[in-house]
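Residue numbers (my numbering): 102 to 352.
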């Protein structure tokens, strides 16, 4: 009996790893997140139990924490009674996927687990759109942060809020996940900290899927971008490297 934490990738089922696909076909139970596309779930055997444990946009922190506790209980319950349990997460389990917390729960319960990494949306979505997150002479580093904690009406817990002032001076490429609801506050924080208002920005919604949409703008224009979640925000000069970057995913 083993629980496998599997990264489903950024959306396109072709970007799921071979190991992930194999485990989905063998799974007795699959607990999947909201961002996992339906095409990925078609790999699951018809007799398997599939449980939607996804958190919905706008869920407040206490509600999300309670939902995470439910997920933990389900992992332990099915991990003790089923041969192959797949905890299927969008992107990579260890990139803002709370995979580490779920491993702690499994360890405490004495249930064997394995990690199957996935293509994180932070890199895969930008790449599929034709935007290199690193580029010689422009960006020798890339920083991935969450925008989820900013401008939510409550003070973030210590250590949970990105240091926007430091990020404004880090250089390289900044990739922001879960930032659309807070995009105005993010832009203001970076500009106030010293980022140029005309710094190039790309916002990519539903990356790598047929519904992909991309808007190019600047930090000053970021608040006016009318795209929904899930979306990846890329900030930095690499956005302008490939002026023919794909507005839609490759066929």
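Cβ coordinates follow ideal geometry from the N, Cα and C atoms, glycine included.
Can you have a look at residue i and say buried or exposed, based on whether 16 or more other CB atoms are within 10 angstroms of its CB?
i, result
"residue 110", "buried"
"residue 283", "buried"
"residue 341", "exposed"
"residue 179", "buried"
"residue 307", "buried"
"residue 161", "Note that residue 161 scores a pLDDT of 49, beneath 50, so its modelled location is shaky; the value from the coordinates is reported in the next line. Classification for residue 161: exposed."
"residue 248", "buried"
"residue 278", "buried"
"residue 332", "buried"
"residue 171", "exposed"
"residue 263", "buried"
"residue 182", "exposed"
"residue 113", "buried"
"residue 115", "exposed"
"residue 309", "buried"
"residue 189", "buried"
"residue 136", "buried"
"residue 343", "exposed"
How long is the line joining the alpha carbons of residue i and residue j, rounded to whole angstroms?
i, j, result
"residue 323", "residue 221", "23 Å"
"residue 108", "residue 194", "5 Å"
"residue 134", "residue 192", "10 Å"
"residue 234", "residue 266", "21 Å"
"residue 296", "residue 268", "9 Å"
"residue 203", "residue 151", "18 Å"
"residue 293", "residue 169", "35 Å"
"residue 290", "residue 246", "14 Å"
"residue 105", "residue 299", "44 Å"
"residue 177", "residue 102", "11 Å"
"residue 287", "residue 146", "43 Å"
"residue 312", "residue 141", "16 Å"
"residue 280", "residue 239", "24 Å"
"residue 319", "residue 302", "5 Å"
"residue 329", "residue 196", "21 Å"
"residue 304", "residue 227", "9 Å"
"residue 174", "residue 132", "12 Å"
"residue 206", "residue 237", "42 Å"
"residue 187", "residue 321", "42 Å"
"residue 138", "residue 124", "17 Å"
"residue 244", "residue 129", "37 Å"
"residue 155", "residue 242", "32 Å"
"residue 198", "residue 314", "23 Å"
Starting from residue i, follow the beta strand (DSSP E) in both directions and report where the run begins and ends.
i, result
"residue 292", "First-last for residue 292: 284 to 293, but that is the alpha helix (DSSP H), not the beta strand (DSSP E)."
"residue 301", "301 to 306"
"residue 132", "130 to 133"
"residue 275", "274 to 278"
"residue 297", "From DSSP, residue 297 is part of no beta strand (DSSP E); its letter is neither H nor E."
"residue 333", "332 to 336"
"residue 106", "103 to 108"
What are the start and end residues of the alpha helix (DSSP H) that includes residue i?
i, result
"residue 245", "Unbroken run through residue 245 is the beta strand (DSSP E), 243 to 247; no alpha helix (DSSP H)."
"residue 267", "265 to 271"
"residue 125", "119 to 127"
Against chain C, with Cβ distances strictly below 9 Å, would residue i count as a contact?
i, result
"residue 120", "Here chain C cannot be found, since the structure has a single protein chain."
### Message
Check whether the region 260 to 278 and the region 334 to 345 are in contact - that is, three or more C-beta pairs closer than 8 Å.
### Response
A contact exists between the region 260 to 278 and the region 334 to 345.
#### Entry: Sufficient close CB pairs (3 or more, under 8 Å) joining the region 211 to 220 to the region 164 to 173
Touching, no.
### Task
Within the region 193 to 245, note down every full alpha helix (DSSP H) run reaching 4 residues or more, in order along the chain.
If one requires a minimum length of 4 residues, the alpha helix (DSSP H) runs lying completely within the region 193 to 245 are 200 to 210, 222 to 229, in chain order.
### Query
What are the start and end residues of each continuous alpha helix (DSSP H) run of 4 or more residues lying completely inside the region 137 to 190, in chain order?
Within the region 137 to 190, complete alpha helix (DSSP H) segments of at least 4 residues are found at 139 to 142, 162 to 182, given in chain order.
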